[in-house]
Amino acid sequence: MLLLLVYGALQYFLPDVIGKSVARYLLAILLLGLSVGLVRAISFVLFDVIFQKRKQREAPALLRVLLSVVLYSVFLVLIYKLVLNEQGGGLELIATSTVVSVIIGLALQDTLGNFFAGLSIHIEQPFHILDAIRIGHTIGRVEAVTWRTTTIRTNDNTTVIFPNSTVAREALEVYRFNNLNRRILKAPAPYRVAPQRVIPLIRDTVASIPNVASERTPVVRIGDFADSSIIYEILYWTKDYMWVPDIDAQIRQHVWYIYRRSDIEIPFPIRHVLLEQQEPSVVHEEADYEKVIDSVEIFAPLSATEKEVVARSAIRSVYAPGELILRRGEPGDSMFVIYRGNVEVRLPSRDGNNTQQVAELNPGSFFGEMALLTGEPRNADVITIGEVETLEIRKSVLQQLLDDNEALAEALSRTIAERQLRLDEYARSMPEEERRVKAQTILRRIKRFFSLR
Ligand code: CMP
């Protein structure tokens, strides 16, 4: 509107003095100057005010250039058609520009596709320079993003240039630079070596490898029970994903050396033929077991030979940390002596939502005697704290010992009474006499269950 007014004024004042064409050129120059100011103002409002406020970052330079080019083109065409070209008309202008756009659009289909994809990459910024990205099977560090292509450099030191339309179309995996990117690597270990031994060995060595992020402690866990080995998953974090192949190689190398030092062989395909095994987990080291059986208080009434029988017939089992050995409510016909490690006895908490610890038992203590001796279901959960090794004594073995030792039944009934009282939560308030009566009742139950006199 303003422009039309200026143009009218010039035509009015200048016609006869300098001629119409001079007026038009002057007006065109004036308008050009105005359009420069206008483009800058629009660019400022759009990018420095609105964009920055909304996105909280600088607008991409490519977007600014693009807008300027479009606005200048529009202004130039308008100035030419409306001011310099006498025959020019609005309709003709619109028709001409539509046809030109269609022709240009068709001719530059691919280029424009890449251009707009590049534009969206600039605006959305799904990745930045230095990030590692995976496009299809190629992984590399982002080196440059232009309006047409994205260039990445692989670990082979080759550059791969992707048209932006491909980048926009494909599923991208982005590993941000300076971000804690997680990686899972697998390593085997033999079945004969306990996870409790393998896990800390690997974890400590992984933490010491350069480029493994120190902010997160690596995690080692069992990933699979494979044919010939246990497959461990090693989870580590790195701030530069392009180091992953080097870190992986270093881990494998370290693992080889640790295995070597720790007398752990690297598993290779093995086939075991198990013919028949009656007690799979029985490995007797009798001298040690006898010592532990000897230290159990309730076995004090037994003779040395009887203790030896117990030690020899006990079944040795190893449990993982946090493993449930006995479940409350289940039937049970054996008791356990702790050879190594600690266990906790847990009962449901008062609100019933959780469990709470009632007791912690250590090597030389026993558990599971209550169900075994009274025939009632297990009255608590027994869970390992750390790795635990137990000696399991079966009912048949105990039956023989109880037949020959009245004192053993009495010792057991006293312990059971004590533990039962704790469980009943009356222990503190119950008088001595009541305790004795309770022990006697339990003793009668044991005698009945084992058909003792
Ligand atoms: P049982 O009932 O066979 O199974 C759970 C076992 O937890 C139980 O035998 C006892 O051996 C043990 N137990 C139960 N209560 C206590 C307690 N208060 N102190 C120690 N051990 C206990």
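With our numbering, the residue at position 346 of the sequence shown is 326, and numbering never jumps.
Beta carbons are placed, not taken as given, at the ideal position from N, Cα and C, and that holds for glycine.
Inter-residue Cα distance where the pair is residue i and residue j
| i | j | result |
| --- | --- | --- |
| residue 34 | residue 43 | 16 Å |
| residue 97 | residue 105 | 11 Å |
| residue 163 | residue 281 | 58 Å |
| residue 396 | residue 180 | 38 Å |
| residue 417 | residue 238 | 59 Å |
| residue 260 | residue 210 | Any reading at residue 260 must be qualified, since the residue scores a pLDDT of 48, below 50, and its modelled position is unreliable; the value itself is stated next. Roughly 18 Å separates the two Cα atoms. |
| residue 272 | residue 284 | 13 Å |
| residue 141 | residue 23 | 31 Å |
| residue 174 | residue 148 | 48 Å |
| residue 171 | residue 243 | 13 Å |
| residue 68 | residue 18 | With a pLDDT of 49 at residue 68, under the threshold of 50, the modelled position of that residue is not reliable, and no figure is offered here. |
| residue 358 | residue 157 | 55 Å |
| residue 151 | residue 241 | 44 Å |
| residue 288 | residue 294 | 10 Å |
| residue 429 | residue 335 | 30 Å |
| residue 299 | residue 369 | 6 Å |
| residue 200 | residue 302 | 16 Å |
| residue 362 | residue 344 | 15 Å |
| residue 313 | residue 226 | 54 Å |
Heavy atom of the ligand CMP within 8 Å of residue i beta-carbon
| i | result |
| --- | --- |
| residue 336 | no |
| residue 372 | no |
| residue 397 | no |
| residue 356 | yes |
| residue 201 | no |
| residue 315 | yes |
| residue 159 | no |
| residue 349 | yes |
| residue 446 | Residue 446 lies beyond the stretch modelled for the chain, which goes from -19 to 433, so this question has no answer here. |
| residue 377 | no |
| residue 360 | yes |
| residue 346 | yes |
| residue 425 | no |
| residue 105 | no |
| residue 402 | yes |
| residue 330 | no |
| residue 183 | no |
| residue 120 | no |
| residue 282 | no |
| residue 325 | yes |
| residue 394 | no |
| residue 308 | yes |
| residue 341 | yes |
| residue 312 | yes |
| residue 382 | no |
| residue 304 | no |
| residue 352 | yes |
Three-state secondary structure assigned by DSSP to residue i
| i | result |
| --- | --- |
| residue 230 | helix |
| residue 328 | strand |
| residue 23 | helix |
| residue 429 | helix |
| residue 248 | coil |
| residue 314 | strand |
| residue 201 | strand |
| residue 62 | helix |
| residue 224 | helix |
| residue 35 | helix |
| residue 253 | coil |
| residue 149 | helix |
| residue 155 | strand |
| residue 242 | coil |
| residue 44 | helix |
| residue 374 | strand |
| residue 8 | helix |
| residue 422 | helix |
| residue 264 | The pLDDT assigned to residue 264 is 46, lower than 50, so where the model puts this residue is not dependable; a value taken from the coordinates is nonetheless given after this. Coil, per DSSP. |
| residue 208 | coil |
| residue 282 | coil |
| residue 296 | strand |
| residue 160 | coil |
| residue 417 | helix |
Residues bridged to residue i [DSSP beta-bridge criterion]
| i | result |
| --- | --- |
| residue 120 | 113 |
| residue 142 | 130 |
| residue 166 | 213 |
| residue 320 | 369 |
| residue 306 | 362 |
| residue 336 | 327 |
| residue 388 | Looking at the DSSP assignment, residue 388 forms no beta bridge with any residue, so it has no partner. |
| residue 341 | 323 |
| residue 125 | 130 |
| residue 218 | 161 |
Short CB-CB distance (under 9 Å) between residue i and chain B
| i | result |
| --- | --- |
| residue 197 | Given the protein chain composition of this structure (a single chain), no chain B is represented. |
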